[in-house]
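Report on the following structure.
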Amino acid sequence: MANLIRFSCCVLLAIGVFFCGGCSAAEQQQHAKKPPFEVTEASIEDVQGALQRGDCTCEQVVGAYLARIAAYDQPTTLNSIVITNPEAIETARQLDAEYKRTDTMRPLHCIPVIVKDNYNTAGLQTTAGSLALKGFAPTTDASMVRALKAAGAIVLAKSNMAEWAFSPMVTISSIAGETRNPYNLAHVPAGSSGGTAAAVAASLGTVGLGTDTGNSIRGPSSHTALVGFRPTLGLLSRAGITPLYLRNDTGGPMTRTVADATRLLEVMAGPDPADPLTAYSAGKVPAGGYRQFLDKNGLKGARIGVLRTLSERNPDAQVKAVFAQAVADLRKAGAVVVEVEIPDFDEISKGHWCSVFKHDVNAYLTDLGPSAPVKNINQVLASGKYSAYIKENLEDELANGVLPGQTTAGCGEAYSDPRRIAFRNAVTAVMNQNQLGALVYPTWNNPPAKIGDFKGYRGDNSQLIAPHTGQPAFTVPMGYTYDNLPAGLQFLGRSFDEPTLIKYVYAYEQATRHRKAPALFPALPAAGK
Numbered sequence: 116m117a118n119l120i121r122f123s124c125c126v127l128l129a130i131g132v133f134f135c136g137g138c139s140a141a142e143q144q145q146h147a148k149k150p151p152f153e154v155t156e157a158s159i160e161d162v163q164g165a166l167q168r169g170d171c172t173c174e175q176v177v178g179a180y181l182a183r184i185a186a187y188d189q190p191t192t193l194n195s196i197v198i199t200n201p202e203a204i205e206t207a208r209q210l211d212a213e214y215k216r217t218d219t220m221r222p223l224h225c226i227p228v229i230v231k232d233n234y235n236t237a238g239l240q241t242t243a244g245s246l247a248l249k250g251f252a253p254t255t256d257a258s259m260v261r262a263l264k265a266a267g268a269i270v271l272a273k274s275n276m277a278e279w280a281f282s283p284m285v286t287i288s289s290i291a292g293e294t295r296n297p298y299n300l301a302h303v304p305a306g307s308s309g310g311t312a313a314a315v316a317a318s319l320g321t322v323g324l325g326t327d328t329g330n331s332i333r334g335p336s337s338h339t340a341l342v343g344f345r346p347t348l349g350l351l352s353r354a355g356i357t358p359l360y361l362r363n364d365t366g367g368p369m370t371r372t373v374a375d376a377t378r379l380l381e382v383m384a385g386p387d388p389a390d391p392l393t394a395y396s397a398g399k400v401p402a403g404g405y406r407q408f409l410d411k412n413g414l415k416g417a418r419i420g421v422l423r424t425l426s427e428r429n430p431d432a433q434v435k436a437v438f439a440q441a442v443a444d445l446r447k448a449g450a451v452v453v454e455v456e457i458p459d460f461d462e463i464s465k466g467h468w469c470s471v472f473k474h475d476v477n478a479y480l481t482d483l484g485p486s487a488p489v490k491n492i493n494q495v496l497a498s499g500k501y502s503a504y505i506k507e508n509l510e511d512e513l514a515n516g517v518l519p520g521q522t523t524a525g526c527g528e529a530y531s532d533p534r535r536i537a538f539r540n541a542v543t544a545v546m547n548q549n550q551l552g553a554l555v556y557p558t559w560n561n562p563p564a565k566i567g568d569f570k571g572y573r574g575d576n577s578q579l580i581a582p583h584t585g586q587p588a589f590t591v592p593m594g595y596t597y598d599n600l601p602a603g604l605q606f607l608g609r610s611f612d613e614p615t616l617i618k619y620v621y622a623y624e625q626a627t628r629h630r631k632a633p634a635l636f637p638a639l640p641a642a643g644k
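As structure tokens, then:
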């Protein structure tokens, strides 16, 4: 706790009490009247507004989140955090000094970020959930992490994940065990970015980063009442992120509000020489950034397609009812709703998954350099350092893995593979024919499964379109089902048309206000209460 104390400011905000033993009488009186800034459910705007008003320092903000991690993550068995950043407090002090010196904030000044454990973080352990990489700290940051740091954000902690990102249903790793759903600890937060989802939902950080190969930003966000952005493939750099299937992989924001996700997207988007796919984003990032599209009236006159192809895939009754209300809410907010189908969907959507993990992860491990404890996935399997549930995945990938672009498998990237292009064109054609700005469907047709129920994986709609077509897909809270379990509404847009999706999801969020904090993780009590 000592490192949370900043005597020069006479405040110990991390436990919610003012400490003024060395302050003047006037300062003591001033501190006594001012309640501590509360980080629970705080947005980026809230944090920076508090800093500007002098309600707190960056050091105190970071301390408050570290206190919540200490109080809630392990004691409740939420188990969302692998490791906290021992340099976070010092970084916060440097940002405080910078703000005092310049009277200027960077775009994400003092925003503590929960980073999934498959993003390289310089000097901070990065394991992709694997004991085989325990203790390994990269020397450089992933490109997205570097962009956030340059904007003033702080890597607060690394979050748990499904080991090597193999599972869309559960978040279990050999490095940290199993993460639970903060809304109901008897249930899963989905996978594989469930650690980021659980931590951000429980306000253990302001915002978070996840990765999405098929589901892993949108599924966990849906299960934990978060906003999750899977951007267009090529908009954000994957450099420095442990791959699953690089042809489908992307990183993205996981936040409690659309505005926060948009702020993160704004500082991370655009070409990166370290990731050739991002060349497709050249000229596609709007001048003036993405925040200009945060329009609470953004659904007025919008044409939205309800994609029954997905929403009617054996939906749970309560999810179906919540989705029906979401469609009604879209109409109430001014949207024109059109029922649509994608012709020959089963045929054009099948056969797109390709096992390129062995090739991609071996290249990643090689790039880590001589200090990496394992050099390829064969060594991981030989080490025995993995969770039992992924042994079959590892063995299958080693036995049946293919090379990216292997013609017999049709495993090319999104902008050159004929089958992927045809799939994208078919989806876009339906949108064009009906003059639609987006398609909507439930992110999951079923509620979160119970812990331990590996047969409860049902209703995941995220795997079926965006990972293969490369189109952007955003999820936003649409309500709650059994036992306070969240459900999400997904918006699918045209490639690089993030501005339209931002308008729609922000307007829907502002019209419905479904997000609520999980009751199990309230504000910490002040000392003595």
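Mind the numbering: the sequence shown is residues 116 to 644 in my numbering, read in order. Just so it is clear, CB atoms sit at the ideal spot from N, CA and C, and this is done for glycine as well.
Check: Beta-bridge partners of E510, as assigned by DSSP; Outcome: The partner list for E510 (beta bridge, DSSP) is empty, contrary to what the question assumes.
Check: Cα-Cα separation, A212 to F152; Outcome: 19 Å
Check: Proximity to L348 [Cα-Cα], best of A441, S396 and T558; Outcome: S396
Check: Cβ-based burial, A272 [other Cβ within 10 Å; buried from 16]; Outcome: buried
Check: Between the CA atoms of A291 and L480 - distance to the nearest angstrom; Outcome: 21 Å
Check: Local Cβ density within 10 Å of Q167, reported as buried at 16 or more and exposed below that; Outcome: exposed
Check: Cutoff 8 Å; reference T372; Cβ partners in own chain excluding five residues on either side; Outcome: S158, V342, E624 and R630
Check: Sufficient close CB pairs (3 or more, under 8 Å) joining the stretch 212-231 to the stretch 265-279; Outcome: yes
Check: Same chain, Cβ closer than 6 Å to V545, five either side skipped, listed in chain order; Outcome: V455 and I457
Check: Own chain residues within Cβ distance below 7 Å of P358, not counting five before or after; Outcome: D364, D475, V476 and Y479
Check: Beta-carbon proximity of T286 to G306, cut-off 7 Å; Outcome: yes
Check: Three-state secondary structure (DSSP) of F611; Outcome: coil
Check: Terminal residues of the beta strand (DSSP E) in which T590 lies; Outcome: A588 to Y595
Check: Under 7 Å between C-beta atoms of D188 and I196; Outcome: yes
Check: C-beta atoms of P557 and S426 nearer than 7 Å; Outcome: yes
Check: Inter-stretch contact at 8 Å, needing at least 3 Cβ pairs: the stretch 232-244 / the stretch 198-208; Outcome: yes
Check: Nearest neighbour of Q494, chosen from A439, L246, N330 and G416 [CA to CA]; Outcome: L246
Check: Closest residue to A384 among Y405, A638, Y214 and T254 (Cα-Cα distance); Outcome: Y405
Check: CB-CB length for D646 against N296, believed under 8 Å; Outcome: The first residue shown for the chain is 116 and the last is 644, placing residue 646 beyond what the model contains.
Check: Per-residue burial, A443 [other beta carbons within 10 Å of its own, 16 or more giving buried]; Outcome: exposed
Check: Proximity of N235 and G355 at Cβ, strictly below 7 Å; Outcome: yes
Check: From R609, G403, A207 and R573, residue whose alpha carbon lies closest to that of R539; Outcome: R609
Check: Cα-Cα separation between E491 and C526, rounded to whole angstroms; Outcome: It should be noted that the sequence gives Asn, not Glu, for residue 491. C-alpha separation (whole angstroms): 21 Å.
Check: With 16 other Cβ atoms within 10 Å as the buried cut-off, status of K473; Outcome: buried
Check: Whether F251 touches A487 by CB criterion (7 Å); Outcome: yes
Check: Buried/exposed call for N547, threshold 16 Cβ in 10 Å; Outcome: exposed
Check: Backbone CA spacing between M220 and E512 [nearest angstrom]; Outcome: 46 Å
Check: Endpoints, beta strand (DSSP E) assigned at K231; Outcome: P227 to K231
Check: Simplified DSSP state of Q550, which is helix, strand or coil; Outcome: coil
Check: 4-residue-minimum alpha helix (DSSP H) runs that sit fully inside the stretch 409-471, ordered along the chain; Outcome: 423-426, 432-447 and 460-464
Check: Validate contact between the stretch 329-343 and the stretch 565-584 using beta carbons, cut 8 Å, 3 pairs; Outcome: yes
Check: A207 beta carbon less than 7 Å from that of E174; Outcome: yes
Check: Strand pairing of T365, partner residues [DSSP]; Outcome: D327
Check: Beta-carbon spacing of F408, P222 below 7 Å; Outcome: no
Check: First through last residue of the alpha helix (DSSP H) which encompasses T199; Outcome: Run containing T199: none in the alpha helix (DSSP H); it sits in the beta strand (DSSP E), I196 to T199.
Check: Proximity to T377 [Cα-Cα], best of F636, W468, L635 and Y619; Outcome: Y619
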